[in-house]
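Working notes, beginning with the structure itself.
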Amino acid sequence: MKKTVPRTTATLSKIAIFLIASCAIPASASPQKSSKAAAARQQPAVLYASRPEAMQFAHDLAARRDLDREWVRQAIGQARFLSQVPKLMLPPPKGTAKNWRAYRSRFIDPVRIRAGQQFWQAHQTTLERAEREFGVPAEIIVGIIGVETIYGQQMGSFRVMDALATLAFDFPSAHPRAAERTEFFRRELEQFLSLAHRSNTDPFEPRGSYAGAMGLGQFMPSSWVRYAIDFDGDGRVDLFNSPADAIGSVANYFRGHGWTPGMPTHFGVEFDMARLQLGDLLAPDILPTFSAASMQARGAVLDAAGAQHTGPLALVELQNGAEAPSYVAGTENFYAITRYNWSSYYAMAVIELGREVAAARAR
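Numbering (the numbering used here), first residue to last: 1 to 363.
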């Protein structure tokens, strides 16, 4: 019997996520603007059933994955184009100054710190078990879940099916990596539909980010398939309603991306201006490349612990707008955090939020 895409709630694990789309009209909006917005909301949905390339993709996907062709065609065909999503994928305009202090303030604040304390207290035993089994410190796991969703408080409203279809077939051509990202999102759409088909669940039920990330830890479908685990032992993986599964899965993700137990994430660094070769030090970006000795030979003077570090290091620059940048020497564990989100600013926010929550717990 052929599957149909169900229209009722199923259990792909109640999906939720980070980054909420706001559609509210400001109170000060003019009647003309308000009427235009209302008209826009009344526009009929643009479905991907009308797009030949989307239907061909559905046909090919079904053949590759040995899925029911009509089920896949129906799922992709019912997906809606989300006009706001491509705009959200565009990088900021050229010349926009990065500012670590401003970025930090978005994530290290009293709301997240208090929520982090409560989360850690409620799930201390699970966090300790994850640290024992995977070698990932509790504060890193707490930092990730706090930065991503404020421990489940901000759960988003985008249907993952719509978001992934939009980015698979309408990724903005103005993006400098448009071709590469289009292929990425087509692979994620394929993983998502394969997961839904295997579990006989409704692909239109999960809600996630505008990029299709899901759960307390914001896993993309491919990461769900590779790294999500049943850490509470109830026989199923639920990254939306089971904090234990989310904790174990985040720890498993880091182990899968080379986390080394006991290794610091970064060290302090100062500059010897007479020897400084800043261009050479920044050339590899955040990829750990230099030994401690070779960094210091290029004028980056490490703190005492950093000078004794035996693994490769990267000079990480965090710009502060018009003020002088901040610098740290990142280890392979710092780099592992950036596998979650390719950003040194993100990695430092995770590290510092986890530390602030740990410090608050100790007071």
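Quick reminder that beta carbons are idealized off the backbone N, C-alpha and C, glycines included.
Per DSSP, Val350 is not a residue of any beta strand (DSSP E); the alpha helix (DSSP H) it occupies stretches across 344-362.
Counting along the chain, Ser326 sits inside the beta strand (DSSP E) bounded by residues 323-330. If you keep only unbroken beta strand (DSSP E) runs of at least 3 residues inside the region 222-251, you get nothing at all. Taking 9 Å as the cut-off, the beta carbon of Arg69 is found closer than this to the beta carbon of Ala62. Annotation: the continuous beta strand (DSSP E) that includes Leu318 extends over 314-320.
Closest in C-alpha terms to Ser83, from the list Glu53, Thr166, Arg129, Ala138, comes Thr166. In the three-state reduction of the DSSP assignment, Leu67 falls in the coil class. One thing to note: Gly135 has its Cβ no nearer than 9 Å to the Cβ of Thr310. Between Ala115 and Gly146, the CB-CB gap stays under 9 Å. Rounded to the nearest whole angstrom, the C-alpha separation of Tyr48 and Met220 is 21 Å. Residues of the same chain with a CB within less than 8 Å of the CB of Leu353, apart from the 5 flanking positions on each side, are Phe107, Ile108, Arg112, Ile113, Gly116, Val142, Gly143, Gly146, Val147 in chain order. When the beta-carbon positions are compared, Ala138 and Gln118 stay at least 9 Å from each other.
Under DSSP, Phe267 forms a beta bridge with Ala329.
Looking at the DSSP output, Ala300 shares a beta bridge with Phe271. For Gln117, the enclosing alpha helix (DSSP H) starts and ends at 110-122.
Asp238 is classed as buried because its beta carbon has at least 16 other beta carbons within 10 Å across all chains shown.
Boundaries of the alpha helix (DSSP H) around Asp162: 160-169. Straight through space, the alpha carbons of Met295 and Ala360 are spaced by roughly 34 Å. Between Leu88 and Tyr253, the beta carbon gap of about 24 Å keeps them out of contact (Cβ cut-off 8 Å).
In chain order, Phe267, Gly268 place their CB closer than 6 Å to the CB of Asp303, counting only its own chain and leaving out the 5 sequence neighbours on each side. In the displayed model, Arg186 falls within a helix according to three-state DSSP. Contact between the region 184-199 and the region 96-104 is absent, with fewer than three C-beta pairs closer than 8 Å.
Rounded to whole angstroms, the gap between the alpha carbons of Arg159 and Gly212 is 8 Å. Of the other Cβ atoms in all chains shown, fewer than 16 fall within 10 Å of the Cβ of Gly321; this residue is therefore exposed.
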